[in-house]
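Q:
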Amino acid sequence: QLVGDDNRMVQAGFAFVLVGMGLKAAMFPMHLWMPNAYTYAPSAVSAFIAATSTKVAVYVIIRFIYSVIGADFDFIAAAFTYVLMPLAVAGMFVASIVAVFQEDVKRMLAYSSVGQIGYMLLGISFGSEDGLSASIVHLFNHGLMKGALFMSVACVMLRLGSHSIKAYDGLARRMPFTSAAFILSGLSLVGVPLTIGFISKWQLLVAAFSGGHPWTAFLIVASSFLAVIYVGRVIEVMVLRPAPSEGPFAGKVKEAPLSMLIPMWVLVAANIYFGVRTGLTVGLAERAAAALMGGGQ
Numbered sequence: 156q157l158v159g160d161d162n163r164m165v166q167a168g169f170a171f172v173l174v175g176m177g178l179k180a181a182m183f184p185m186h187l188w189m190p191n192a193y194t195y196a197p198s199a200v201s202a203f204i205a206a207t208s209t210k211v212a213v214y215v216i217i218r219f220i221y222s223v224i225g226a227d228f229d230f231i232a233a234a235f236t237y238v239l240m241p242l243a244v245a246g247m248f249v250a251s252i253v254a255v256f257q258e259d260v261k262r263m264l265a266y267s268s269v270g271q272i273g274y275m276l277l278g279i280s281f282g283s284e285d286g287l288s289a290s291i292v293h294l295f296n297h298g299l300m301k302g303a304l305f306m307s308v309a310c311v312m313l314r315l316g317s318h319s320i321k322a323y324d325g326l327a328r329r330m331p332f333t334s335a336a337f338i339l340s341g342l343s344l345v346g347v348p349l350t351i352g353f354i355s356k357w358q359l360l361v362a363a364f365s366g367g368h369p370w371t372a373f374l375i376v377a378s379s380f381l382a383v384i385y386v387g388r389v390i391e392v393m394v395l396r397p398a399p400s401e402g403p404f405a406g407k408v409k410e411a412p413l414s415m416l417i418p419m420w421v422l423v424a425a426n427i428y429f430g431v432r433t434g435l436t437v438g439l440a441e442r443a444a445a446a447l448m449g450g451g452q
C-alpha cells in the first residue's frame, strides 16, 4: 500500500485507473458504449454482462482506492467530493431521464444500468464506511434485479422476436410468468419495500445522512421516482393494454420454456429473499467495508 505525501505520479495513476475503470463500468459520461452493447447483443449475453461485467469494474475501483492507493491521500477526498459525487449524481438523473423516453426495453434497461452505477459510485464518494457498505450491497443487489429483468426480456424476444415496448402490449395475459418476473424485478429496481432494491436505497439514505450529505438523500429519492416512470411505462402496457389483434405481435403466444423460466425465477426469488432476510448481504458488506477502511478484519 502506498503511503506518504501526495505526489503527481500517484495522482496521475489514480486518474488513469479511474477513467479506465469508469469506462468499463459505464460511469457517466463514459457510458455511451453501453446502450448499443446491451441492445444489440444476444439476450443471454445482455443478461450476463448486465449482471456481472460492470459490477467487476466498480469492484476494481473500490479495491484500487482502498487496497492499492489508500484513502489517506488528500486528493482522494477531493476526488470523491469534486469528481466522483457530481458524476454519480449526473448519471443517476441524466441516464434515468433518457430511459423514460426509450421505446426499446433493452435500451431502456441499459440506460437504467448507467443510473444504477451512479448509486454505487455515490456510495463510494461519501468516503465513509456506511457509504462503502451501501455501494457493495447495491453492487450485489443490482446484479440480481437486472439479471432477472434481462432474462425476462430474453423470454419475450424468444416468443415475439422483438424487445420493442410495442411487443409488450397485453403481455401479462399472454406470458403471465414472464410478465410477473418482469414486474417483481422492476419493482425491486424502483425500491419497493420487501425487495433488495429497497435495501440498497435504504442503505444509501443512511449513509447520506451519517456522512454529512443529507442533500444527496433527496436526490436519491427523486431519481427513484424516475425509475417509477420508466418501469411503470412497461408495466402499464403489459397489464392495462389489450393484446394486439393485428400486426407482427398478434396471435397466440406460448409462455417461455421451463429452461428459461426456472433460472429467471431463481433470480426473482433472490430479489425477494434478500429483501426480507438482509443479514447476509448487509452483514457481509459491512464487514468488507470495515476491512477495506482499516476498521475490521
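Sequential numbering of the sequence shown, starting at 156, is according to my numbering.
Idealized CB from N, CA, C, for every residue including glycine.
1) Phe380: buried (16+ other C-beta within 10 angstroms of its C-beta) or exposed?
2) Inspect the beta-carbon positions of Gly453 and Ala289 and report whether they are closer than 7 Å.
3) Measuring only the C-alpha atoms, how far is Ile220 from Val292?
4) Assign Gly316 to one of two classes, buried (16 or more other C-beta atoms within 10 Å of its C-beta) or exposed (fewer than that).
5) Hey, Gly278 and Lys210: beta-carbon distance below 7 Å or not?
6) On a Cα-Cα basis, can you pick out the residue from Met300, Gly282 and Met330 that is closest to Tyr428?
7) Please list, in chain order, all residues of the same chain as Lys179 whose beta carbon is under 6 Å from its beta carbon, the five residues on each side excluded.
8) Once the 5 residues before and after Gly177 are set aside, which same chain residues still bring their CB inside 7 Å of it?
9) Whose C-beta lies closer than 7 Å to the C-beta of Ala336 among residues of the same chain, with five residues either side of it excluded?
10) Spell out the partners DSSP gives Asp259 in its beta bridges.
11) Going by beta carbon distance, what residues of the same chain come within less than 8 Å of Ala234, once the five residues before and after it are set aside?
12) Determine the burial state of Thr207: buried for a count of at least 16 other Cβ atoms within 10 Å of its Cβ, exposed for fewer.
13) For Ala202, does the count of other Cβ atoms within 10 angstroms reach 16, so buried, or fall short, so exposed?
14) Taking only the alpha-carbon atoms, compute the straight-line gap between Tyr214 and Leu374 and give it to the nearest angstrom.
15) Nearest-angstrom Cα distance between Gly225 and Met415?
16) Considering Cα atoms alone, identify which of Ala232, Val437, Val253 and Pro241 is closest to Phe353.
17) Give me the Cβ distance between Ala446 and Leu287, rounded to the nearest whole Å; I'm assuming they're in contact under 8 Å.
18) Using three-state DSSP, classify Glu441 as helix, strand or coil.
19) Check the C-beta distance from Ala405 over to Pro399 and give it rounded, since I have them as a contact under 8 Å.
20) To the nearest angstrom, report how far apart Arg314 and Ser343 are at their CA atoms.
21) Taking Ile390 and Ile338 to be in contact with their CB atoms under 8 Å, please state how far apart those CB atoms are, rounded to whole angstroms.
22) I believe Ala382 touches Val345 by the beta-carbon criterion, under 8 Å. Please report the beta-carbon distance rounded to the nearest angstrom.
23) Please look up how many angstroms separate the CB atoms of Ile351 and Gly430, rounded, as I've assumed it's under 8 Å.
24) If the criterion is Cβ atoms closer than 7 Å, does the pair Leu294 and Met312 meet it?
25) What span of residues does the alpha helix (DSSP H) with Phe235 cover, start to end?
26) According to DSSP, is Gly402 part of a helix, a strand, or is it coil?
A: According to the structure data:
1) exposed
2) Given a span of 156 to 452 for the chain in the structure shown, any question on residue 453 remains unanswerable.
3) Ile220 and Val292: Cα-Cα distance of roughly 18 Å.
4) exposed
5) no
6) Met300
7) Ala212
8) Exclusion of the five residues before and after Gly177 leaves Met185 as the residues of its chain whose Cβ lies within less than 7 Å of its Cβ.
9) Ala303, Ser307, Met419, Trp420 and Val423
10) In DSSP, Asp259 forms a bridge with Ser319.
11) Phe169 and Leu173
12) exposed
13) buried
14) When rounded, the separation of the alpha-carbon atoms in Tyr214 and Leu374 is 24 Å.
15) 44 Å
16) Cα-wise, what sits closest to Phe353 is Val437.
17) At roughly 10 Å, the Cβ-Cβ gap does not stay under 8 Å, so Ala446 and Leu287 are not in contact.
18) In this structure, DSSP gives Glu441 a helical state, which the three-state scheme calls helix.
19) 5 Å
20) 25 Å
21) Between Ile390 and Ile338, the beta carbon gap of about 6 Å places them in contact (Cβ cut-off 8 Å).
22) The pair is a contact, with the Cβ atoms about 5 Å apart (cut-off 8 Å).
23) 5 Å
24) No, the pair does not count as a contact, with Cβ atoms beyond the cut-off.
25) Here Phe235 belongs to no alpha helix (DSSP H), and DSSP marks it neither H nor E.
26) The answer is coil: DSSP assigns Gly402 none of H, G, I, E or B.
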